[in-house]
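> If you count by the working numbering, then the sequence shown holds residues 2 to 167, one letter each, in order.
Beta carbons: idealized from backbone N, C-alpha and C, even for Gly.
All figures in this text were calculated on a predicted structure; none of them were measured in a lab.
Shown below is the structure under consideration.
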Amino acid sequence: MDGGKGERRGGKSWRKEREERERKRVSTKAANISKDSEEKKENDDPEIVKDRPELNTALLDSSLKKNTAFIRKLKNLTESQHDSLVKDLQSLNLTKYVSEVAQAVVETKLKMSDISTAVHLCSLLHQRYHDFAPTLLENWQKVLTPKKDEKVPLGLGVIAFLGPGD
């Protein structure tokens, strides 16, 4: 055949294949949006602040070796490590290492594909450790605040001038 629009490949026309791919893409996007809104609800829930699961940290692993290994993994964060990092996070007691974890998150070089994993981990850390969010903000401010002799791109200068939340 000539490869025209009416040609069939594997029993389906190219239009049906394209429609099917588009449906899958849309349903995946909808699932991601739903998951993100659930995370936001969990993070904004005032009960989390009162009932953080820090009380059960005695059951979690506090060993220096495993905690530093987790922080090292966090510094090299990739999307493919998502499940492993979540599993580690759920089994470790990072109470003494919250500042190091926040610093590792800030120092991580992320690709666009890694951002959702980083956000999810930050969400879980915020839900478990009450001092994670302020420490993370502190670390971001250190990184994003320009030095006196440093030239600042126009957009970043405007953000620095306006300050957070304006």
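According to the neighbour-count rule (16 or more other Cβ atoms, all chains shown, within 10 Å of its Cβ), is residue 94 buried or exposed?
Per the 10 Å Cβ criterion, buried.
> Between the C-alpha atoms of residue 104 and residue 139, what's the straight-line distance to the nearest angstrom?
Using only the alpha carbons, I get a separation of about 9 Å.
> Taking only the alpha-carbon atoms, compute the straight-line gap between residue 27 and residue 66 and give it to the nearest angstrom.
Roughly 43 Å between the two C-alpha positions.
> Tell me whether residue 86 sits in a helix, a strand or coil according to DSSP, three-state version.
If DSSP states are grouped into helix, strand and coil, residue 86 belongs with the helices.
> Between the C-alpha atoms of residue 145 and residue 136, what's the straight-line distance to the nearest angstrom?
Spanning the two alpha carbons is a distance of roughly 14 Å.
> Note down, in chain order, each residue of its chain lying with its Cβ closer than 7 Å to the Cβ of residue 68, except the 5 sequence neighbours on either side.
Cβ neighbours of residue 68 beyond the five flanking positions: 93, 95, 98.
> Hey, how far is the Cα of residue 7 from the Cα of residue 29?
Because the pLDDT at residue 7 is just 49, under 50, the model does not fix this residue reliably, and the point stays unresolved.
> In the DSSP assignment, find the unbroken alpha helix (DSSP H) run with residue 79 in it and report its ends.
Counting along the chain, residue 79 falls outside any alpha helix (DSSP H), and DSSP gives it neither H nor E.
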